[in-house]
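Each remark here refers to the structure printed beneath this line.
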Amino acid sequence: MPSTAHAPSSLIQVERVADLRTQVRAWRAAGERIAFVPTMGNLHAGHLSLVREGRARAERVVASIFVNPLQFGPSEDLDAYPRTLDADRRQLDATGCDLLFTPGVSEIYPRGQDTQTRVEVPGISDILCGASRPGHFVGVATVVCKLLNMVQPDVALFGEKDFQQLLVIRRLVEDLALPVEIVGVPIARESDGLAMSSRNGYLTPEERGLAPALYRVLNATADALRAGEPVERAEQAGLEALAMAGLRPDYLSVRRAEDLAPACAGDRSLVILAAAYLGRARLIDNLRVDLD
Ligand code: AMP
């Protein structure tokens with residue numbers, strides 16, 4: 001065989017819940033564990049690190065690509081969201097994903113979005129990104145709950161890039177007693193520190209040059225906290241530094257890592273979360289800080 005030959009594709013793709021269930025049931029009957037990686041597609045190395053983590057934890061990995069209209073606000077980028085199914089399929093196949101679930105909107109919301117039962121995780125859904133994007137986390141919690149019920153995985157993997165989303169999902173799984181283990185996976189970054197994101201593709205070359213400031217400012221804020229700077233002053237300096245770097249900050253906030261409550265004196269396990277607009281993109285990032 002020539003050395004350039006590729007292994008034949010072993011990735012199964014299904015669009016219907018019934019077909020997904022048939023395949024997952026067969027794997028389960030063979031005693032295999034199932035890992036699940038939900039995505040909105042336009043895959044990058046961050047998504048693939050979730051797939052790899054899934055492979056390490058289960059015999060079979062299911063990924064989904066579904067651009068969920070329920071989590072987009074009326075003036076957000078639902079229609080413009082990048083859709084790159086062929087490239088995504090190739091990457092998933094090469095990373096050892098076993099099944100790709102690509103439902104249409106009517107497969108997920110057969111009665112329409114307005115009459116869909118919704119899952120709301122109160123409190124944590126209304127702050128930070130939830131304050132700027134009303135209804136966003138209801139959309140996320142609803143679709144993740146549905147997808148978990150459709151796939152019925154043993155373990156599901158989510159990126160720490162979306163730190164607030166990860167906490168919303170942990171809460172919903174706990175509150176609704178869903179029988180699945182939720183695993184958070186560290187943020188994959190470009191070599192200049194920018195957190196990988198499908199939305200980075202919206203950046204012009206000039207904006208792309210400015211974007212790493214977000215991670216730099218998070219690090220500077222962490223240094224300030226470690227040096228004993230009061231939280232409010234560190235936050236204010238961070239916001240100013242973002243604006244100086246040419247970004248339009250939405251928020252930069254130091255929170256308790258466990259539940260995103262505002263950080264108080266004495267809290268040691270913290271996370272700095274930030275969101276900022278840059279051109280057409282709204283970038284988010286976060287950095288854990290453990291004070292000792
Ligand atoms: P998305 O396609 O943006 O909905 O993301 C799908 C999953 O990939 C979510 O669990 C994200 O948190 C995760 N993810 C996105 N970007 C990254 C990244 N840079 N590093 C790690 N995980 C990520």
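Mapping the sequence shown onto the numbering used here, position 43 (from 1) lands on 43, and the numbers just tick up by one. Glycine residues also receive a C-beta, built at the ideal position from the N, C-alpha and C atoms.
Work out the CA separation of Q165 and D126 for me, nearest whole Å.
11 Å
Please name the residue, chosen from G96, D86, P74, that lies closest to R299 on a Cα-to-Cα basis.
Look at the range of the chain in this structure, 1 to 292, and you will see that residue 299 is not part of it.
What are the residues that DSSP puts in a beta bridge with T102?
For T102, which the question treats as bridged, DSSP gives no partner whatsoever.
Step through the CB atoms of chain C and report whether any lies within less than 8 Å of the CB of F158.
As a matter of chain content, chain C is missing from the structure shown, which is built from one protein chain.
Grab me the residues of E59's own chain with a C-beta within less than 6 Å of its C-beta, minus the 5 sequence neighbours each way, in chain order.
E32, R33
On a Cα-Cα basis, can you pick out the residue from V185, A156, F163 that is closest to L178?
A156
Per DSSP, which residues does R282 bridge with? Please list them.
R282 pairs with Y277.
Between K146 and the ligand AMP, is the CB less than 7 Å from at least one heavy atom?
no
Quick check on DSSP: helix, strand or coil for D267?
coil
By DSSP, does Y251 sit in helix, in strand, or in coil?
Three-state result, Y251: strand.
Between L50 and the ligand AMP, is there a pair consisting of the residue's CB and a ligand heavy atom that are separated by less than 7 Å?
Yes - the ligand AMP has a heavy atom lying nearer than 7 Å to the Cβ of L50.
By DSSP, does L260 sit in helix, in strand, or in coil?
coil
Got a sec: does the ligand AMP put a non-hydrogen atom nearer than 7 Å to the Cβ of T142?
In this structure, the C-beta of T142 stays at least 7 Å away from each heavy atom of the ligand AMP.
Let me confirm a value: S3 is counted as buried when at least 16 other C-beta atoms fall within 10 Å, else exposed. Which label applies?
With a pLDDT of only 46 at S3, under the threshold of 50, the placement of this residue in the model should not be trusted, and no figure is reported.
Quick check: the Cα distance between L92 and L48, rounded to an integer number of angstroms?
7 Å
How long is the line joining the alpha carbons of I169 and S253, rounded to whole angstroms?
When the Cα atoms are used, I169 and S253 turn out to be separated by approximately 21 Å.
Alpha carbon to alpha carbon, how far is T39 from V105?
14 Å
Sort Q13, V151, A45, F72 by Cα distance to T102 and report the nearest one.
Q13
To the nearest angstrom, how far is it from the Cα of A281 to the Cα of Y202?
6 Å
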